Amino acid sequence: MANPSQQRRNLNLLMVLVGVVAGMTGLAYASVPLYRIFCEVTGFDGTPQRASVAPTEISDRVVRVTFTADVAGGLGWTFQPMQRNLELKVGENKLAYYVAENRESKPVTGRATFNVSPDMFGAYFTKIECFCFTEQTLQPGQRVEMPVSFFIDPAVLQDPALKKLNDITLSYTFFRAEDDGANTQQKVGQAQNGQAGDGQPSPLN
9 MANPSQQRRN LNLLMVLVGV VAGMTGLAYA SVPLYRIFCE VTGFDGTPQR
59 ASVAPTEISD RVVRVTFTAD VAGGLGWTFQ PMQRNLELKV GENKLAYYVA
109 ENRESKPVTG RATFNVSPDM FGAYFTKIEC FCFTEQTLQP GQRVEMPVSF
159 FIDPAVLQDP ALKKLNDITL SYTFFRAEDD GANTQQKVGQ AQNGQAGDGQ
209 PSPLN
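Each residue of the sequence shown is one higher than the last, beginning at 9 in the working numbering.
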């Protein structure tokens, strides 16, 4: 049988190990939001930036943005862009639309993730407004149009690595939100200034 001093050492070692495991678990949970914040600030991994206003400088350089959409398994929605691509000048503010429909028989809350490719463009692809900024709730059978307002930061003109690249892809994937069904989330199509999508074109076939 171990003596009292050996038992104390074993107990101390156990407490240290428990502390290490708890610390690693906490770090794992914290790393997800920290990683997302890092990506949003730096544009790493093709994460677009955010801004409150569009730039005043507009270049003659034209880029083409292609839009794609996907829905994760377990979410009974359809989701697609309403335009295959748009052309815009660097610094010019553009508005694009996606459309989503809830095919389930109950209200469903979803959250969209997004990225830009090539990844290097993430630091310059900047959004002013986007449905992806908040979780969105659709009622059964509800179909809504969702706008995204964006521009390409004129700082891209100073990046030699992107001098000859003028094609960008903006991709979204909708997932079922962890707090699916929460009544406190903003509903899709109910922007602060009214219903989004009035008079906009039909989605692609």
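Built from N, CA and C at the ideal position, the CB exists for glycine as well. Since we're looking at a predicted model, the values are computed, not measured.
Contact under 9 Å by Cβ, residue i with residue j
| i | j | result |
| --- | --- | --- |
| residue 162 | residue 89 | no |
| residue 177 | residue 159 | no |
| residue 139 | residue 126 | no |
Of the listed residues the options, nearest to residue i (C-alpha basis)
| i | options | result |
| --- | --- | --- |
| residue 74 | 147, 180 and 60 | 180 |
| residue 147 | 126, 118, 166 and 157 | 118 |
| residue 109 | 122, 78, 66 and 95 | 78 |
| residue 115 | 83, 137, 97 and 105 | 83 |
| residue 182 | 121, 57 and 71 | 121 |
| residue 99 | 152, 173, 69 and 137 | 69 |
| residue 186 | 142, 124, 153 and 171 | 142 |
| residue 149 | 172, 87, 124 and 105 | 87 |
| residue 66 | 171, 172, 175 and 164 | 164 |
Paired residues, beta bridge with residue i - DSSP
| i | result |
| --- | --- |
| residue 151 | 109 |
| residue 93 | 74 |
| residue 175 | 72 |
Buried or exposed by the 16-neighbour rule on C-beta atoms within 10 Å, applied to residue i
| i | result |
| --- | --- |
| residue 184 | buried |
| residue 95 | exposed |
| residue 166 | exposed |
| residue 145 | buried |
| residue 169 | exposed |
| residue 81 | exposed |
Supposed contact pair residue j and residue i - C-beta distance, whole angstroms, cut 8 Å
| i | j | result |
| --- | --- | --- |
| residue 157 | residue 101 | 6 Å |
| residue 153 | residue 105 | 5 Å |
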